[in-house]
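Just so you know, the sequences run in chain order A and B. Quick note, the first sequence lines up with residues 1 to 196 if you use the UniProt record's numbering. Quick note, the second sequence lines up with residues 1 to 196 if you use the UniProt record's numbering. Just so it is clear, CB atoms sit at the ideal spot from N, CA and C, and this is done for glycine as well. Working notes for the structure below.
2 protein chains.
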Amino acid sequence: MGRRTQAERSDATTSQLVSAAQELFGRNGYAATSIDAIAAAAGVTKGAAYHHFEGKPALFRAAFVREQEETAAMLGRLAMGEGDSWAALRRGCRTFLERCLDPGFRQIVILDGPSVLGWEAVREIEYGHTLRVLLDGMRMAAADGLLAEGNLPARAQLVFGALCEGGMLLARSPDPEADLPVLAAEAERLLEALKP
Amino acid sequence: MGRRTQAERSDATTSQLVSAAQELFGRNGYAATSIDAIAAAAGVTKGAAYHHFEGKPALFRAAFVREQEETAAMLGRLAMGEGDSWAALRRGCRTFLERCLDPGFRQIVILDGPSVLGWEAVREIEYGHTLRVLLDGMRMAAADGLLAEGNLPARAQLVFGALCEGGMLLARSPDPEADLPVLAAEAERLLEALKP
DNA sequence: GAAGTTACATACCCTCAGTATGAAACATGG
DNA sequence: CCATGTTTCATACTGAGGGTATGTAACTTC
């Protein structure tokens, strides 16, 4: 390994630590994953982990954030491709449900997130990513006159809760391929409720 | 302490352990609560706890179940008092939201439950209590022709997810008293979506 | 009331989060 | 280039807490 700048060294190990954390937290859950295991998977020792992160929750938080970034990017990209705002909203919901088929996403974002980081912190992060995409989509639909008056953020949150539940339900299904349309239809039915 | 039968001794300490677990898990969260602390609060030692429960998750599960029983009883009682099935449904949703104002309920049932017990186990328990009440209410409404055809269990689950989210939102509100009607209205709006 | 079972208490182990402490790898002024 | 910070780690240690082994007292059964 040739001569590298400090920022390069730091970024490299930090990134590898977060990747390892994402992998192990996602596979085995928060409690069953030790800092030593994450550090070893990243090719460093615990000292490096504690140098870059304040503690285990901070490391988990980084993995959570990355999971959110990836998902939000995916949602935004696919929703952007749709023609009208309503179709984008439907597309986004469907994509979120599909995303829940990833065990790592479920474990980190839905199962362990609230317990480890607390509800406020989790929603604050999501408010900058997946929940932001949903809310933006609903704002656009509202601007197009497709949504009734009311508390949009609160509505987005309720829909988000329903989607998380739907995602877990989908993941437990013996045949997710077959159940995805069913659940997507039920979710869209809830969206219909918000029409004027 | 006079002469007691074994069953009495066992029931007494078990009950006190669960009460202490409910109290401490609810107040400080699962990770920050030690078995020793629970045992001490129950007036026994760790040995007693491990004699009656397989481990920390089992003790948490008992607290979770008790929380569910109390809530389901409350929901059933209040919903029973309503006239028609639709009013009972609305009443149940509103009562669940109110229940979320209890910090212990939120911590145990919504935050830590899925992480500690896993999603399947949590929903299995809820399926016998709070979720059961909701599903029964929806079945009655469906029998009265108030709900459209479709997958009732899946719908109940989605509504349940929205309600949990609404409950957390309500709990974070600076003025829950004022926001309860707002959130209840939004939740009812989602219910409206299920009408034929 | 003796033998067996249940309900605990006590003492111990072991994993693991968190904390020094020290040694490299870089950076910066001369 | 070298001396002196500063950053990036590795190594060694501590403490808390989950879990276990074992002993003992309270009950039960015969």
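Please determine, among the options, the residue with the shortest C-alpha to C-alpha distance to residue i.
i, options, result
"residue 24 (chain B)", "B:52, B:60, B:14 and B:96", "B:60"
"residue 68 (chain A)", "A:85, A:96, A:87 and A:55", "A:96"
"residue 134 (chain B)", "B:152, B:120 and B:146", "B:152"
"residue 167 (chain A)", "A:30, A:110 and A:21", "A:110"
"residue 170 (chain B)", "B:140, B:4 and B:99", "B:99"
"residue 146 (chain A)", "A:196, A:39, A:31 and A:8", "A:196"
"residue 101 (chain B)", "B:87, B:128, B:3 and B:179", "B:179"
"residue 15 (chain A)", "A:48, A:31, A:29 and A:155", "A:48"
"residue 137 (chain A)", "A:162, A:8, A:84 and A:10", "A:84"
"residue 163 (chain A)", "A:44, A:186, A:154 and A:150", "A:186"
"residue 123 (chain B)", "B:3, B:156 and B:75", "B:156"
"residue 10 (chain B)", "B:44, B:149, B:32 and B:75", "B:44"
"residue 181 (chain B)", "A:182, A:154 and A:181", "A:154"
"residue 30 (chain A)", "A:70, A:150 and A:55", "A:55"
"residue 33 (chain B)", "B:70, B:108, B:74 and B:66", "B:108"
Throw me the rounded Cβ distance for the residue i and residue j pair, which I believe falls under 8 angstroms.
i, j, result
"residue 57 (chain B)", "residue 117 (chain B)", "7 angstroms"
"residue 93 (chain A)", "residue 184 (chain A)", "7 angstroms"
"residue 64 (chain A)", "residue 125 (chain A)", "6 angstroms"
"residue 5 (chain B)", "residue 42 (chain B)", "20 angstroms between Cβ atoms; not a contact."
"residue 191 (chain A)", "residue 89 (chain A)", "6 angstroms"
"residue 120 (chain A)", "residue 172 (chain B)", "7 angstroms"
"residue 158 (chain A)", "residue 188 (chain B)", "Contact flag wrong, Cβ pair sits at about 11 angstroms."
"residue 115 (chain B)", "residue 112 (chain A)", "5 angstroms"
Keeping to the same chain, check which residues put their C-beta closer than 7 angstroms to that of residue i; ignore five residues upstream and five downstream.
i, result
"residue 36 (chain B)", "46"
"residue 160 (chain A)", "131 and 134"
"residue 104 (chain B)", "22, 26 and 27"
"residue 139 (chain A)", "152"
"residue 82 (chain B)", "88 and 91"
"residue 76 (chain A)", "133"
"residue 148 (chain B)", "194, 195 and 196"
"residue 66 (chain A)", "18 and 22"
"residue 127 (chain A)", "none"
Once the 5 residues before and after residue i are set aside, which same chain residues still bring their CB inside 8 angstroms of it?
i, result
"residue 50 (chain A)", "35"
"residue 106 (chain B)", "100, 167, 168 and 171"
"residue 144 (chain A)", "84, 85 and 86"
"residue 199 (chain A)", "Beyond the ends of chain A as shown, which are 1 and 196, falls residue 199 (chain A); an answer cannot be given."
"residue 78 (chain B)", "91, 92 and 95"
"residue 74 (chain A)", "95 and 99"
Can you give me the Cβ contacts of residue i inside the same chain, cut-off strictly under 6 angstroms, excluding the 5 residues immediately before and after it?
i, result
"residue 72 (chain B)", "129, 130 and 133"
"residue 80 (chain A)", "none"
"residue 7 (chain B)", "none"
"residue 62 (chain B)", "18"
"residue 38 (chain B)", "20, 21 and 24"
Check whether the Cβ of residue i lies closer than 7 angstroms to any heavy atom of the ligand GDP, and answer yes or no.
i, result
"residue 162 (chain B)", "Among the components modelled here there is no ligand, and therefore nothing to report on the ligand GDP."
In the segment 100 to 121 of chain A, which residues sit with their C-beta less than 8 angstroms from some C-beta in chain B, listed in chain order? 106, 110, 111, 112, 114, 115, 116, 118, 119 and 120
Got a sec: which bits of the segment 23 to 48 of chain A sit with their beta carbon under 8 angstroms from any beta carbon on chain B, in order along the chain? 29, 30 and 31
For the segment 127 to 143 of chain A, enumerate the residues whose C-beta is nearer than 8 angstroms to any C-beta of chain B, in chain order. none
Under 7 angstroms (Cβ pairs) to chain A, residues found in the segment 160 to 181 of chain B: 160, 161, 162, 164, 165, 166, 168, 169 and 172
Residues from the segment 58 to 74 of chain A in contact with chain B, defined by Cβ distance under 7 angstroms: none
Taking Cβ-Cβ distances below 7 angstroms as the criterion, which residues of the segment 145 to 157 of chain B are in contact with chain A? 150, 151, 154, 155 and 157
To be precise: take each residue of the segment 86 to 99 of chain A, compare its Cβ to all Cβ atoms of chain B, and keep it if any distance is under 9 angstroms. Which residues remain? none
Contact residues within the segment 2 to 14 of chain B, judged by C-beta distance below 9 angstroms to chain A: none
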